[in-house]
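Heads up, our numbering is the position in the sequence shown plus 252, with the first residue counted as 1.
Okay, so here's the structure we're looking at.
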Amino acid sequence: MLIRRGHKVRLRLKVKKHRFKKLTLFIMWAGMGFAVFYSLIALRSFASTAFRDAFRIFRVKSVKVELLKEQGVGFSENPDLKFKEISDIAAESIGKPWNKKAGMELVSKLKSRYPHVKNLDISRGVFNGVLEVRIAFENIVSKVRFNGDAPACLAETGRILKNFCGDMSLPAIPVDLLVNETKNNTAIHPEFAELARLIRFINANSSSFAAKPVHLTYAYPDRKCLIKLENGSVILWGGFEFARLKILRLNYVLKDLKGRLAEPYRIDLRFFREGKVLVSQRSD
Numbered sequence: 253m254l255i256r257r258g259h260k261v262r263l264r265l266k267v268k269k270h271r272f273k274k275l276t277l278f279i280m281w282a283g284m285g286f287a288v289f290y291s292l293i294a295l296r297s298f299a300s301t302a303f304r305d306a307f308r309i310f311r312v313k314s315v316k317v318e319l320l321k322e323q324g325v326g327f328s329e330n331p332d333l334k335f336k337e338i339s340d341i342a343a344e345s346i347g348k349p350w351n352k353k354a355g356m357e358l359v360s361k362l363k364s365r366y367p368h369v370k371n372l373d374i375s376r377g378v379f380n381g382v383l384e385v386r387i388a389f390e391n392i393v394s395k396v397r398f399n400g401d402a403p404a405c406l407a408e409t410g411r412i413l414k415n416f417c418g419d420m421s422l423p424a425i426p427v428d429l430l431v432n433e434t435k436n437n438t439a440i441h442p443e444f445a446e447l448a449r450l451i452r453f454i455n456a457n458s459s460s461f462a463a464k465p466v467h468l469t470y471a472y473p474d475r476k477c478l479i480k481l482e483n484g485s486v487i488l489w490g491g492f493e494f495a496r497l498k499i500l501r502l503n504y505v506l507k508d509l510k511g512r513l514a515e516p517y518r519i520d521l522r523f524f525r526e527g528k529v530l531v532s533q534r535s536d
């Protein structure tokens, strides 16, 4: 009997130790689980805050606009007004996230508003959040009436900008441009670049003419350039070369004809390269 009792005592002690061990492990695992759970909550809160801060970093905080005047801006437009217009357009991005899509939208908006954009560079400072816009424009040489429609503009590159002239006050003779083919609103003909140079030359040297030029008509692709003078005479100008020499010869001819042939005249300079100037009395 004594042996059985001793055996029973040892079993009860073993059971008590096993229960205590299980309780201890449960408390440890519960504590570890709580610690992990709390850590995950803290980490999530930190990550959310960090993400919001990082997202805020890539927002536009301010804008800076630079007009590249050395490449031809302010020729016929008010640079202060243009600076304000571009600044207002760029300022629409302030407070908004900046990414590739936002950049493409701003480029599209500026080029749509100003089709004579020559160079455009847009960048955003990583640390200061400043959106920088550097823009240059083509020189607009003259207003033209394109195929008898509403006024368009002729750029120095030869580009025709239909439905775009704004409030430009260009010191140019009226120009009619007749194009016998369908082109888009920003058509470019290499020949029109030469025409632009001729128009600019005539405007700059109009006082050198014995009779002031008052109108120019150019037909494409026929390449007919007709200049009307204030005395009613018309000049078939021919090619774009020898402009200065043509003015000198024209003045000589007008002086020589004075008193000999009644005005107005029809003066043909199309064969100027061969040394010929054909003169007749204008009948139309």
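Idealized CB from N, CA, C, for every residue including glycine.
Predicted model only: the values in this text are computed from it and were never measured.
Cβ pair residue i, residue j closer than 8 Å
i	j	result
residue 416	residue 446	no
residue 338	residue 374	no
residue 442	residue 410	yes
residue 469	residue 430	yes
residue 319	residue 336	no
residue 481	residue 466	yes
residue 490	residue 521	yes
residue 448	residue 406	yes
residue 432	residue 473	yes
residue 499	residue 444	no
residue 425	residue 455	yes
residue 397	residue 428	yes
Where residue i falls, given that 16 or more other Cβ within 10 Å makes a residue buried
i	result
residue 390	buried
residue 395	buried
residue 464	exposed
residue 504	exposed
residue 507	exposed
residue 358	buried
residue 352	exposed
residue 535	exposed
residue 497	exposed
residue 523	exposed
residue 279	exposed
residue 350	buried
residue 288	exposed
residue 261	In this prediction, residue 261 has a pLDDT of 48, which is less than 50 and means its spatial position is unreliable; nothing more can be read from the coordinates.
Other residues of its chain near residue i: CB distance less than 6 Å, five sequence neighbours each side excluded
i	result
residue 437	Summary for residue 437: the model assigns pLDDT 45, below 50, so the residue's position carries little reliability, and this model does not support an answer.
residue 452	393
residue 380	none
residue 315	342, 343, 383
residue 346	312
residue 385	317, 342, 374
Nonlocal neighbours in the same chain, by C-beta distance under 7 Å from residue i, ignoring five residues either side
i	result
residue 509	517, 531
residue 457	499
residue 483	463, 515, 516
Residues that DSSP places opposite residue i in a beta bridge
i	result
residue 318	386
residue 398	429
residue 407	392
residue 375	384
residue 518	486, 532
residue 471	430, 476
residue 349	311
residue 369	389
residue 465	481
residue 413	405
Closer than 8 Å to chain D by CB, residue i
i	result
residue 467	No chain D is part of this structure, which consists of one protein chain only.
Own chain partners of residue i with C-beta closer than 8 Å, once the 5 adjacent residues on each side are dropped
i	result
residue 369	362, 363, 387, 388, 389, 390
residue 371	320, 323, 386, 387, 388
residue 485	463, 506, 515, 516, 517, 518, 519, 534
residue 494	524, 525
beta-carbon residue i near the ligand FMN non-hydrogen atom, thresh 7 Å
i	result
residue 476	As far as ligands go, the structure on display features none, and thus does not contain the ligand FMN.
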